[in-house]
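This report refers to the structure that appears directly beneath it.
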Amino acid sequence: MADRDIVARMADGVSAVPAADWDACAGTGNPFVSHAFLSALEDSGSVGPRTGWQPLPIIVDGADGRPAAIAPAYGKSHSQGEYVFDHAWADAWERAGGRYYPKLQIAAPFSPVPGPRLLLRDGEAAAAPALVAAIETVVRQNGLSSAHATFVAPDQVPLFEAAGWLIRSDRQFHWANQGYGCFDDFLGALASRKRKAIRKERAAAVAGLDIVHLSGGDLTEAHWDAFWAFYQDTGARKWGRPYLTRAFFSALGERMADRVLLMLALRDGRPIAGALNLIGGDTLYGRYWGATEEVPFLHFELCYYQAIDAAIARGLARVEAGAQGEHKLARGYEPVATWSAHFIPDPGFRRAVADYLAAERRAVDDEIEMLAEMGPFRRS
Numbered sequence: 001m002a003d004r005d006i007v008a009r010m011a012d013g014v015s016a017v018p019a020a021d022w023d024a025c026a027g028t029g030n031p032f033v034s035h036a037f038l039s040a041l042e043d044s045g046s047v048g049p050r051t052g053w054q055p056l057p058i059i060v061d062g063a064d065g066r067p068a069a070i071a072p073a074y075g076k077s078h079s080q081g082e083y084v085f086d087h088a089w090a091d092a093w094e095r096a097g098g099r100y101y102p103k104l105q106i107a108a109p110f111s112p113v114p115g116p117r118l119l120l121r122d123g124e125a126a127a128a129p130a131l132v133a134a135i136e137t138v139v140r141q142n143g144l145s146s147a148h149a150t151f152v153a154p155d156q157v158p159l160f161e162a163a164g165w166l167i168r169s170d171r172q173f174h175w176a177n178q179g180y181g182c183f184d185d186f187l188g189a190l191a192s193r194k195r196k197a198i199r200k201e202r203a204a205a206v207a208g209l210d211i212v213h214l215s216g217g218d219l220t221e222a223h224w225d226a227f228w229a230f231y232q233d234t235g236a237r238k239w240g241r242p243y244l245t246r247a248f249f250s251a252l253g254e255r256m257a258d259r260v261l262l263m264l265a266l267r268d269g270r271p272i273a274g275a276l277n278l279i280g281g282d283t284l285y286g287r288y289w290g291a292t293e294e295v296p297f298l299h300f301e302l303c304y305y306q307a308i309d310a311a312i313a314r315g316l317a318r319v320e321a322g323a324q325g326e327h328k329l330a331r332g333y334e335p336v337a338t339w340s341a342h343f344i345p346d347p348g349f350r351r352a353v354a355d356y357l358a359a360e361r362r363a364v365d366d367e368i369e370m371l372a373e374m375g376p377f378r379r380s
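Under the numbering used here, the residue at position 377 of the sequence shown is numbered 377, and the numbers go up by one with no gaps.
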């Protein structure tokens, strides 16, 4: 696809694109779309043809020949590891005689983290329509059923909407830093009963344990070995087969250690549980957790309360602790909308999905309003 100063192309993978060119488009705010993170997934074998995640980044070059816009695109042969569920769409399309897979996914694999899905150099939106058109062209030229941009940053939703993509909503629970100086300041904003419950949970969780925060040069392969055991245990119970390879965590430590915050719970110096976070421009992103010893409330302590402590200490505006989890509500994490965008070229299939999404959005809006009323904060 070309038009005088604009050329669109597809690369063989993120690793095939120079890191400086990629990050000039991705920016520094969201680590999940950085060259370091996405190439670590590729180079470690966590994504690739064998996994059903074929990296196919779509690039629009500017007049200077350098990427002006990039979509982190993947050819998908299934709907696993996406956290925006379209299995019912696949079933309906295939019952009607269609072929839903392969499809095109614009995403940070295995990461239900809102962020830019149209990576634009200098943040300029001028190249966005050409990039969206390139994505649509790839779908049409290859006979794919659809393209899906999941966990789209709210400010980019209008870019997809303007191109006629269908917009889907869901919800997560995020913690917002209201200028707190310490954890007790945050507790002071809660109703008395909730405040007491959290204090009791924290005391019970850490009894007999030491909690350490590790980042940068403090991270070692021994720490990754310990966390790998935690990740394997949680992954086996929740997904059947963990998505990430052991090599991915080593690559993470090598390529972006300063953006990693690993929290470990130690009993007599031995790690028994851990939570992995990535540090963004203004957000702490909680991603994975696991334990080899059952301790009441330790999950809440490592994943939610320690994350709040770390965000306050670092002056970060938010903690995003992953998908789902209404239990986060009682711990100060509030419901927020998340967004995805969907391109479906078949008119009949598009109409059916559009009708479904209209009803789903109303239900999500109602749920967010109801959940917000149930929050732990003091009423004025």
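Every residue, glycine too, gets a C-beta built ideally from N, C-alpha and C.
Own chain residues within Cβ distance below 8 Å of residue i, not counting five before or after
i: His-148; result: Glu-82, Val-84, Asp-86, Lys-103, Leu-104, Gln-105, Ile-106, Ala-107, Ser-340, Ala-341, His-342 and Phe-343
i: Ile-272; result: Leu-209, Ala-265, Leu-266, Ala-291, Thr-292, Glu-293 and Val-295
i: Ala-323; result: Tyr-83, Pro-112 and Gln-172
Rounded separation between residue i and residue j - CA only
i: Gly-98; j: Glu-42; result: 30 Å
i: His-78; j: Tyr-101; result: 7 Å
i: Arg-140; j: Ser-146; result: 9 Å
i: Gly-75; j: Phe-37; result: 18 Å
i: Leu-316; j: Leu-276; result: 17 Å
i: Gly-286; j: Phe-227; result: 14 Å
i: Ser-192; j: Arg-379; result: 11 Å
i: Phe-349; j: Trp-93; result: 7 Å
i: Asp-184; j: Ala-313; result: 13 Å
i: Pro-116; j: Arg-331; result: 28 Å
i: Pro-347; j: Asp-91; result: 17 Å
Residue i vs residue j beta-carbon contact at 8 Å
i: Ser-15; j: Ala-251; result: no
i: Pro-384; j: Leu-119; result: Look at the range of the chain in this structure, 1 to 380, and you will see that residue 384 is not part of it.
i: Tyr-243; j: Ser-46; result: yes
i: Ile-308; j: Phe-230; result: no
i: Leu-302; j: Ala-257; result: no
Own chain, CB closer than 7 Å to residue i, minus 5 neighbours either side, in chain order
i: Glu-367; result: Arg-171
i: Ile-165; result: Looking at the sequence shown, residue 165 is not Ile but Trp. Around Trp-165: Ala-341, His-342 and Phe-343.
i: Gln-232; result: Pro-242
i: Ala-125; result: Leu-159
i: Asp-3; result: Below a pLDDT of 50, predicted positions are generally treated as unreliable, and Asp-3, at 46, falls in that range; no measurement from the model is reported.
i: Tyr-66; result: Checking the sequence shown, residue 66 turns out to be Arg, not Tyr. So the list reads Asp-21, once near-sequence residues are dropped.
DSSP bridge partner residues for residue i (one or two, in chain order)
i: Thr-283; result: Arg-318
i: Ile-387; result: With the chain running from 1 to 380 in the structure shown, residue 387 is simply not present.
i: Trp-289; result: Ala-275
i: Phe-377; result: Leu-190
i: Gln-156; result: Beta-bridge pairing links Gln-156 to no other residue.
i: Phe-32; result: Phe-32 pairs with nothing; no bridge assigned.
i: Trp-175; result: Val-319
i: Ala-265; result: Ile-211 and Ala-273
Same chain, Cβ closer than 6 Å to residue i, neighbours up to 5 away in sequence not counted
i: Arg-259; result: Pro-31, Leu-278 and Ile-279
Open item on the list: Assess contact between the region 207-214 and the region 250-268, defined as three or more Cβ pairs (one per stretch) separated by less than 8 Å. Is contact present?
Closed with: yes
Open item on the list: Does the region 346-360 come into contact with the region 197-205, if we say contact requires no fewer than three beta-carbon pairs (one atom in each stretch) closer than 8 Å?
Closed with: no
Task: Touch test, the region 122-135 against the region 177-193, Cβ-Cβ under 8 Å, three pairs minimum - done: no
Task: Three or more C-beta pairs below 8 Å linking the region 49-68 and the region 8-28 - done: yes
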